[in-house]
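Chemist: Residues in the sequence shown are numbered consecutively from 196, following the numbering used here.
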Amino acid sequence: MTYLNRITQCSQQIKNLLGADFDTVEFGIICGSGLGSLADEIQSAKVIEYSQIQGFPVSSVAGHKSRLIAGYIHNKKVIAFQGRFHYYEGYSLEDVTLPIRVLKELGIHTLIVTNAAGGLNRNYSVGDLMLIDDHINFMFQNPLIGANHEALGARFPDMSQPYSQNAGDQISALALKLGIRMHRGVYLAVTGPSYETRSELRFFSTIADAVGMSTVPEVIAANHGNIPKIVGISVITNKATGEDIHKEDHNSVVAAAQAATPKMVQLVKEFIRL
196 MTYLNRITQC SQQIKNLLGA DFDTVEFGII CGSGLGSLAD EIQSAKVIEY
246 SQIQGFPVSS VAGHKSRLIA GYIHNKKVIA FQGRFHYYEG YSLEDVTLPI
296 RVLKELGIHT LIVTNAAGGL NRNYSVGDLM LIDDHINFMF QNPLIGANHE
346 ALGARFPDMS QPYSQNAGDQ ISALALKLGI RMHRGVYLAV TGPSYETRSE
396 LRFFSTIADA VGMSTVPEVI AANHGNIPKI VGISVITNKA TGEDIHKEDH
446 NSVVAAAQAA TPKMVQLVKE FIRL
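1) Can you tell which of L369, P412, A240 has its C-alpha closest to the C-alpha of A275?
2) Exposed or buried, E236, counting other C-beta atoms within 10 Å across all chains shown (16 or more means buried)?
3) What residue does the beta strand (DSSP E) around D329 start on, and which one ends it?
4) Buried or exposed: where does A475 fall if 16 or more other Cβ atoms within 10 Å of its Cβ makes it buried?
5) Starting from the Cα of S254, find the closest Cα among I431, K464, L396, F280 and give me that residue.
6) Let's test the definition: count the other Cβ atoms within 10 Å of the Cβ of M354 and tell me whether it reaches 16, buried, or not, exposed.
7) Nearest to V341 by alpha carbon, out of L288, L306, L293, K260?
8) Identify, in the order they occur along the chain, each residue of the same chain with its Cβ nearer than 7 Å to the Cβ of N211, setting aside the five sequence neighbours on each side.
9) Tell me the residue span of the alpha helix (DSSP H) that contains S447.
10) Can you check the segment 263 to 287 for any beta strand (DSSP E) of at least 3 residues that lies completely inside it and give the ranges in chain order?
11) Using a 10 Å radius around the Cβ and a threshold of 16 neighbouring Cβ atoms, would you call E345 buried or exposed?
12) Starting from I209, trace the alpha helix (DSSP H) in both directions and tell me its first and last residue.
13) Would the beta-carbon of I331 be found less than 7 Å away from any heavy atom of the ligand NAP?
14) Please report how far the alpha carbon of A234 lies from the alpha carbon of E244, in whole angstroms.
15) Based on the DSSP secondary-structure assignment, which residues constitute the bridge partners of R379?
16) May I ask you to list the residues that DSSP assigns as paired with A311?
17) Would you check if the distance between the CB atom of T432 and the CB atom of G278 is smaller than 8 Å?
18) Using the C-alpha atoms, what's the distance from I202 back to Y282?
19) Taking three-plus beta-carbon pairs below 8 Å as touching, is the segment 298 to 305 in contact with the segment 217 to 232?
20) Leaving out five residues on either side along the sequence, give the residues of the same chain with a beta carbon under 6 Å from the beta carbon of P294.
21) Quick check: the Cα distance between I428 and M325, rounded to an integer number of angstroms?
22) Are V430 and A452 close, meaning C-beta to C-beta below 8 Å?
23) Quick one: Cα of Q260 to Cα of G231, how far?
24) Tell me whether F351 sits in a helix, a strand or coil according to DSSP, three-state version.
25) For the alpha helix (DSSP H) holding G363, just list the boundary residues, first then last.
26) Inspect the beta-carbon positions of V273 and I422 and report whether they are closer than 8 Å.
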């Protein structure tokens, strides 16, 4: 089966399972590690397990449920993926970006991508939020490598502004109004799954503000597909400056993300309300 056929098949299955009300959707959300409860805020929710969708991957990482939830937030149609796919799990980047392709097929105009990230910037504290203004692809992989599918997008998509400036300004203004501590910065993506060495972190801190193992392939695919508005938000789950010796642990990362989730939920809901 070709990738295009797979996208069409998965999209059609989701439409059939959700019913006619969700032939088109306004907002798509990708929930990062420990941030799945964001999707629990969706009203009149319909739940589809990934295993119900033929040809769809299943997440294998703690903190990621393997299901999508469709419904409403402030009367806006929303689909949230509770559980993303990572390159380090052994999935191809076509698999990693399949939810983005499906959301595009379902007609979304705004994509909200969230993640848990280490704070490279010394001014960041655990629990802070960071609006992603730009990113650096240190995964050295790109989901667009290979034959280009013109039906999905141009061979050489522009990436000079991968995240929507206007939407970012709106979110920053909302964070200020709500009293939520939010930074704006550069997200650097690595493949993982091993955490970075102290030397790597010291180097990364000279060029970026936060580091993680996701998001960038999805945002590249979203730009390739010309999704009108793309927003990225990181939860800073640990200090990652490389200045001291401490062991990183995925459970503590998930716990820190979960602790910060109420702020993320409040901010995203108010953004969708606009």
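For glycine and all other residues, C-beta sits at the position ideal for the given N, C-alpha and C.
Modeler: Straight from the coordinates:
1) Looking from the CA of A275, the closest CA among L369, P412, A240 belongs to A240.
2) E236 should be labelled buried.
3) Element bounds for D329: 324 to 332.
4) Here the chain covers residues 196 to 469 and nothing more, so residue 475 does not appear.
5) That would be F280, whose Cα lies nearest to the Cα of S254.
6) M354 is exposed by the Cβ-count criterion.
7) One point to set straight first is that residue 341 is Gly, not Val, in the sequence displayed. Considering only alpha carbons, the answer is L288.
8) If we look at N211 and ignore the five residues flanking it on each side, it has no Cβ neighbours.
9) Unbroken alpha helix (DSSP H) run through S447: 445 to 468.
10) Along the length of the segment 263 to 287, whole beta strand (DSSP E) runs at least 3 residues long occupy 271 to 277, reported in chain order.
11) Around the beta carbon of E345, a 10 Å sphere encloses fewer than 16 other beta carbons of the protein chains shown; the residue is thus reported as exposed.
12) Start and end: 198 to 213.
13) The ligand NAP is not among the ligands present in this structure, which contains no ligands whatsoever.
14) Between A234 and E244, the C-alpha separation is close to 14 Å.
15) Bridge partners of R379: L326.
16) Per DSSP, V430.
17) No, Cβ-Cβ distance for T432 and G278 is not below 8 Å.
18) The alpha-carbon of Y282 is positioned some 19 Å away from that of I202.
19) Contact between the segment 298 to 305 and the segment 217 to 232 is present, because at least three Cβ pairs lie under 8 Å.
20) Within the same chain, Cβ atoms closer than 6 Å to the Cβ of P294 are found at F276, the five residues on either side in sequence being excluded.
21) The straight-line gap from Cα to Cα measures roughly 6 Å.
22) In contact: V430 and A452 (Cβ atoms closer than 8 Å).
23) Position check: residue 260 holds Lys in this sequence, whereas Gln was assumed. Going from the Cα of K260 to the Cα of G231 covers about 7 Å.
24) Coil.
25) Looking at the DSSP string, the run of the alpha helix (DSSP H) that includes G363 is 360 to 373.
26) Note that the C-beta distance between V273 and I422 is not below 8 Å.
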